[in-house]
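Written out below as structure tokens is the structure these notes cover.
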Amino acid sequence: MNIILMGLPGAGKGTQGKKLSQKFKMHHFSSGKIIRRMAHQDNSLGTVVKRYINKGELVPNEIITRIMKNRIIKSKTENKIFDGFPRNKKQIHDLDRILSIIKEKINLVIYLKVEKEELITRLTGRRICRLDNSVYHIKYDPPQKKGKCDKCGANLYQREDDKKEVAQKKIMVNRKKLEKVKEYYQNKGILEIVDGNKESEKVEQEIENIIKSNE
Ligand code: ADP
Ligand code: AMP
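As structure tokens, this is what we get:
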């Protein structure tokens, strides 16, 4: 089964994607994570990509599609979960085309719907471990020791694009495009909307029920 987890920045895609990938043995493709790794590279592409990310803008389709294609085609797992890709109409068709090469398709799209104010609270409070990239939240999921990762003890940091102004811009940049993506999958009859405002465990349970009823 191939699933897309969609939602605005901060909706909980990464959080839920991680849990689902462990539970259902799915390969979790997070375009944000992949592109951030690229931004850390000390070359011209890394510099270009970093500029888009830190401004809260979308990285050009050609770049995203190329790296996603490489990874999807190389992937050995049958079950895939996409988080953050596709983000616009062009990417929808790119993903369909990539999956058709390996004779697969998208079976289910889960839309995590979260209020704007809550998205801002989640983004501005998100903290990441410098070493293992674990994700925390200062209010909803705080580490045991302030500013330190529970798993490895390394320092936590705030993503540049989670600062309030950029967080607001990310929501603005993505809103209309995501609506079009949602309409596309709604018309195909494979979209399920989940109330993502609820606490993480409840959201997880709801998604699991949807997946099981689609298996
Ligand atoms: P996305 O991948 O959609 O941008 P994340 O999964 O990284 O979002 O979640 C954003 C922040 O909100 C993180 O700090 C995470 O710990 C927190 N979070 C995720 N889901 C919930 C939830 N249901 N309730 C409260 N906080 C959440
Ligand atoms: P995310 O981790 O999903 O919040 O993504 C962080 C940033 O990476 C975004 O704000 C974009 O700059 C970039 N990005 C991630 N996925 C995509 C995508 N599918 N298309 C374009 N840019 C993306």
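Residue numbering for the sequence shown follows the working numbering, beginning at 630 and increasing consecutively.
Think of the CB as a built atom: it goes at the ideal place given N, C-alpha and C, for glycine as much as any other residue.
Original post:
Is DSSP giving VAL678 helix, strand or coil here?
Top reply: Stepping through the sequence shown from its first residue, residue 678 is reached at position 49. Three-state DSSP puts VAL678 in a helix.
**OP:** Report the rounded CA-to-CA distance for GLU691 versus HIS657, giving the unit in angstroms.
**Re:** Position 62 of the sequence shown, counted from the start, is the residue given in the question as residue 691. Position 28 of the sequence shown, counted from the start, is the residue given in the question as residue 657. Put simply, the backbone Cα of GLU691 is about 21 Å away from that of HIS657.
Original post:
DSSP three-state call for ASP712: helix, strand or coil?
Top reply: As a working mapping, residue 712 is identified with position 83 in the sequence shown. Strand at ASP712.
Original post:
In the DSSP assignment, what residue or residues form a beta bridge with ASN784?
Top reply: For the purposes of this step, residue 784 is taken as the residue at position 155 of the sequence shown. Bridge pairing for ASN784: LYS777 [DSSP].
**OP:** Have a look at ASN843, ILE819, ARG804 and flag the residue whose alpha-carbon is nearest the alpha-carbon of GLY636.
**Re:** On the sequence shown, position 7 is the one that residue 636 refers to. Looking at the Cα atoms, ARG804 is the closest of the given residues.
Original post:
Do the stretch 782-790 and the stretch 689-709 meet, that is, are 3 or more Cβ pairs less than 8 Å apart?
Top reply: No, the stretch 782-790 is not in contact with the stretch 689-709.
Subject >> Given LEU752 as reference, the closest of PRO715, ASN736, GLU733, ASP790 once Cα atoms are compared >> reply: Position 123 of the sequence shown, counted from the start, is the residue given in the question as residue 752. Minimum Cα distance to LEU752 is reached at ASP790.
**OP:** Decide if the stretch 807-826 is in contact with the stretch 728-740; the criterion is three or more beta carbon pairs, one per stretch, under 8 Å apart.
**Re:** A contact is defined here as three or more CB-CB pairs under 8 Å, and the stretch 807-826 meets this definition with respect to the stretch 728-740.
Original post:
Can you give the Cα-Cα distance for GLU833 and GLN645, rounded to whole angstroms?
Top reply: The count along the sequence shown starts at 1 and reaches residue 833 at position 204. The count along the sequence shown starts at 1 and reaches residue 645 at position 16. Cα to Cα, GLU833 sits roughly 6 Å from GLN645.
**OP:** Could you tell me the distance, in whole angstroms, from the CA atom of ILE768 to the CA atom of ILE730?
**Re:** Locating residue 768 in the sequence shown gives position 139, counting from the first residue. Locating residue 730 in the sequence shown gives position 101, counting from the first residue. Here residue 768 turns out to be Lys, not Ile, going by the sequence shown. Going from the Cα of LYS768 to the Cα of ILE730 covers about 43 Å.
Original post:
Can PHE714 be considered in contact with ligand 2, in the sense that its beta carbon sits closer than 7 Å to one or more heavy atoms?
Top reply: Numbered from its first residue, the sequence shown carries residue 714 at position 85. Yes, the beta carbon of PHE714 sits closer than 7 Å to at least one heavy atom of ligand 2.
Original post:
Measuring CA to CA, which of GLU821, ARG666, GLU830, SER659 is closest to ILE839?
Top reply: Working through the sequence shown from its first residue, we reach residue 839 at position 210. Nearest of GLU821, ARG666, GLU830, SER659 to ILE839, Cα basis: GLU821.
**OP:** Using beta-carbon positions only, say whether LYS654 and ASN736 come within less than 8 Å of one another.
**Re:** Start at 1 with the first residue of the sequence shown, and residue 654 comes out as number 25. Start at 1 with the first residue of the sequence shown, and residue 736 comes out as number 107. Their beta carbons are not under 8 Å apart, which means LYS654 does not touch ASN736 by this criterion.
Original post:
Should PRO638 be counted as a contact of ligand 2 given a C-beta to heavy atom distance under 7 Å?
Top reply: Against the sequence shown, residue 638 aligns to sequence position 9. Flag set: Cβ of PRO638 near ligand 2.
**OP:** Give me the Cβ distance between ILE702 and SER650, rounded to the nearest whole Å; I'm assuming they're in contact under 8 Å.
**Re:** Counted from its first residue, the sequence shown places residue 702 at position 73. Counted from its first residue, the sequence shown places residue 650 at position 21. In this structure, ILE702 and SER650 do not form a Cβ contact; the two beta carbons are roughly 19 Å apart against a cut-off of 8 Å.
**OP:** Leaving aside the five residues before and after ILE721 along the sequence, list all residues of the same chain whose C-beta is less than 7 Å from its C-beta, in chain order.
**Re:** Taking the first residue of the sequence shown as 1, we reach residue 721 at position 92. Excluding positions up to five away in sequence, the list reads PRO715, VAL810, TYR813.
Subject >> Backbone CA spacing between ASP671 and GLY818 [nearest angstrom] >> reply: One-based indexing of the sequence shown puts residue 671 at position 42. One-based indexing of the sequence shown puts residue 818 at position 189. Taking the straight line joining both Cα atoms gives about 43 Å.
**OP:** Kindly give me the distance between the Cβ atoms of ASN631 and LYS734, rounded to whole angstroms, as I take these residues to be in contact under 8 Å.
**Re:** The count along the sequence shown starts at 1 and reaches residue 631 at position 2. The count along the sequence shown starts at 1 and reaches residue 734 at position 105. About 7 Å; that satisfies the 8 Å criterion.
Original post:
Any heavy atom of ligand 1 closer than 7 Å to the CB of SER763?
Top reply: What you label residue 763 is simply residue 134 of the sequence shown in a count that begins at 1. Every heavy atom of ligand 1 is 7 Å or more from the Cβ of SER763, so no.
**OP:** Compare the beta carbon distance of GLY685 and LYS798 with 8 Å and say whether it is the shorter of the two.
**Re:** Here residue 685 refers to the residue found at position 56 of the sequence shown. Here residue 798 refers to the residue found at position 169 of the sequence shown. In contact: GLY685 and LYS798 (Cβ atoms closer than 8 Å).
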